[in-house]
Amino acid sequence: MARSKREVLQEHHRPEAIRRRLETPERPHSMPDAILGGIDGCVTTFAVVSGAFGAGFSVRVALVLGFANLLADGFSMAISNYEAVQAQREGVERARERELEHIELVPEGEREEIRQIYARKGLSGEVLEQVVETISRDREVWVETMLTEEHGLQRGGLSPWRSAWVTFLAFLVVGAMPLLPYVLPGLAARDRFWASLAIAALMFLSIGMLKSLVYRRPVWQSGLRTLLMGAAAAGLAFLTGVLAQALFGVSL
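Residue numbering for the sequence shown follows the working numbering, beginning at 1 and increasing consecutively.
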């Protein structure tokens, strides 16, 4: 018989379960990188397809532009994500070094910071002083407490290489989907575009719904919102292509 939500939560909050959870190192979070890469990959390639179709370019040109953007933008985005996460890690380390220096040079000032932090949480009197004494007794606990409570920083869950690879792979896999109709033989240019549109819409909707399951948000609301964002980007690319064709009369 299926257990109730209360029973499951009670199992997860037993002392030994809590201890195991707290002692397990925090793993890097890959889902945000995958969602970011997937959405941007699909937007990028379908925007190229839409712009090429709006400008009246040939299927071959659309395919070449699509794959060129897929690889170049995917690599660029992976590098950007790597640099962003690396900068975040370096920021945490700089804050850690700064707090260690402060503890070494002005320990009483750092104790006062701990005291005021926990006084804001409602502690006072002897209990507050015991908390300050306990935390400041262990330098590692002291530093980690300052990083979390004063700076709002966490060292765990930051992996630049993992973020870069997850972003790149999600970008390539999802971004390649709208290009599939352009590698199939025997389809007219208009049919290829409408097939690509349907696939892109399905990708946007699926990513949005997956995101809702991970972050426990309304499924269809999240899916439709992601779909609308992708449609807006594709629409802008299509109108740009039409405008370029009208202004320059270029057709390849």
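Where is the CB? At the ideal position from N, CA and C, for every residue including glycine.
Using a Cβ-based criterion (distance less than 7 Å to any ligand heavy atom), does Arg6 qualify as near the ligand ATP? Looking at this structure, you won't find the ligand ATP or any other ligand, since it has none at all.
Where Val64 and Arg120 are concerned, what is the direct C-alpha to C-alpha distance, given to the nearest angstrom? Spanning the alpha carbons of Val64 and Arg120 requires a straight line of approximately 60 Å.
Burial state of Arg216, where buried means 16 or more other Cβ atoms lie within 10 Å: Residue environment analysis places Arg216 among the exposed positions, since fewer than 16 neighbouring C-beta atoms fall within 10 angstroms of its C-beta.
Using a Cβ-Cβ cutoff of less than 6 Å, which residues in the same chain neighbour Thr240 once the five nearest sequence positions on both sides are dropped? Answer for Thr240: Gly51, listed in chain order.
Relative to the alpha-carbon of Glu133, which residue among Thr148, Pro107, Leu147 and Leu158 has its alpha-carbon at the smallest distance? Nearest of Thr148, Pro107, Leu147 and Leu158 to Glu133, Cα basis: Pro107.
Does the beta-carbon distance from Ile103 to Thr145 come in below 8 Å? Their beta carbons are not under 8 Å apart, which means Ile103 does not touch Thr145 by this criterion.
If Gly66 and Tyr182 are in contact, beta carbons under 8 Å, what's the gap, nearest whole angstrom? Correct: roughly 7 Å between the Cβ atoms.
For Leu252, which residues from the same chain have a beta carbon less than 7 Å from its beta carbon, with the 5 sequence-adjacent residues on both sides left out? With a pLDDT of 49 at Leu252, under the threshold of 50, the modelled position of that residue is not reliable, and the figure given next carries that caveat. Answer for Leu252: Phe57, Ser58 and Val61, listed in chain order.
Going by the beta-carbon positions, is the gap between Arg227 and Gly208 smaller than 8 Å? Note that residue 227 is Leu in the sequence shown here, rather than Arg. Result yes, Cβ atoms of Leu227 and Gly208 sit closer than 8 Å.
Ile199 vs Pro178 beta-carbon contact at 8 Å: Yes, the Cβ-Cβ distance between Ile199 and Pro178 is below 8 Å.
I'd like to know whether the C-beta atoms of Leu169 and Glu99 end up nearer to each other than 8 Å. In this structure, Leu169 keeps its C-beta atom at 8 Å or more from the C-beta atom of Glu99.
Val43 versus Lys211, Met203 and Gly223, residue with shortest Cα-Cα distance: Ranking the options by Cα distance to Val43, first place goes to Met203.
Cα separation between Pro218 and Leu210? About 11 Å.
The alpha helix (DSSP H) with Leu179 in it runs from where to where? Taken as a continuous stretch (DSSP letters only), Leu179 belongs to no alpha helix (DSSP H), as it is neither H nor E.
Can you list, in chain order, the stretches of the alpha helix (DSSP H) that have 4 or more residues and sit fully within the stretch 190-251? Runs of the alpha helix (DSSP H) inside the stretch 190-251: 219-248.
Please state whether the Cβ-Cβ distance between Val49 and Leu158 is less than 8 Å. The answer is no: Cβ separation not under 8 Å.
Reduced DSSP secondary structure (H/G/I, E/B, other) of Pro107: It is helical.
May I have the straight-line CA-CA distance separating Arg19 from Arg192, to the nearest angstrom? In this model, Arg19 and Arg192 are separated by some 56 Å (Cα to Cα).
What distance in whole Å lies between the Cβ atoms of Val174 and Gly38, which are believed to be in contact at a cut-off of 8 Å? 4 Å between Cβ atoms; contact.
Could you check where the alpha helix (DSSP H) with Glu144 kicks off and where it finishes? Arg139 to Glu149 is the span of the alpha helix (DSSP H), which, as asked, contains Glu144.
Out of Phe46, Gln116 and Gly152, which one is the CA nearest neighbour of Gly91? Comparing Cα-Cα distances from Gly91 to each of Phe46, Gln116 and Gly152, the minimum goes to Gly152.
Looking only at C-alpha atoms, which of Leu197, Ser4, Ala68 and Ser124 sits nearest to Phe53? Comparing Cα-Cα distances from Phe53 to each of Leu197, Ser4, Ala68 and Ser124, the minimum goes to Leu197.
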